[in-house]
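This note's numbering applies: residue 13 is where the sequence shown begins, and numbers increase by one.
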Amino acid sequence: MEKNFSPLEREIYNLTGLETKREYRFHPTREWRFDFAIPAAHVAIEVEGGVWNGGRHFRPEGYLRDMEKYNEAAACGWLVIRTIPSELLRVKTIQQIVRACRKKLTTVSL
């Protein structure tokens, strides 16, 4: 794990032993990236900014582009956890990410 890892990366690693990557390109032909990804579990974390101020993700064109990206991610086997910046490091968000990783790893190993 890199030396300047973020608090999220540290928590995920401490709780699961899995490496988290920032700005992870997940699609073989598109330039889409996840804000954070745990490639070994195919779990992604998308931090949605601009929730209350009409940011790009919440305007019609941006919303439709995000839908395409998230649907394609699901078709590629990714589970996407969406959150907002103020919730990223909350216990409930970390617990959801850890549960998602454990579920995906259990499902894959069956």
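No residue lacks a Cβ here, since even glycine has one placed at the ideal position from N, Cα and C.
Rounded C-alpha distance that separates phenylalanine 48 from glutamate 73: 23 Å
First through last residue of the alpha helix (DSSP H) which encompasses arginine 102: Unbroken run through arginine 102: none, as it is neither H nor E.
Local conformation of arginine 42 per DSSP, three classes: coil
Validate contact between the stretch 79-96 and the stretch 54-63 using beta carbons, cut 8 Å, 3 pairs: yes
For valine 92, the three-state DSSP class (helix, strand or coil): strand
Same chain only: Cβ atoms within 7 Å of threonine 119, ignoring 5 sequence neighbours per side: none
Extent of the continuous beta strand (DSSP E) to which alanine 56 belongs: 55-59
Beta carbon of leucine 27 nearer than 8 Å to that of valine 110: yes
Limits of the alpha helix (DSSP H) - the one that glutamate 23 falls within: 19-28
Straight-line Cα distance separating tyrosine 82 from tryptophan 90: 9 Å
Sheet register partners of lysine 33 (DSSP bridge): Ala49
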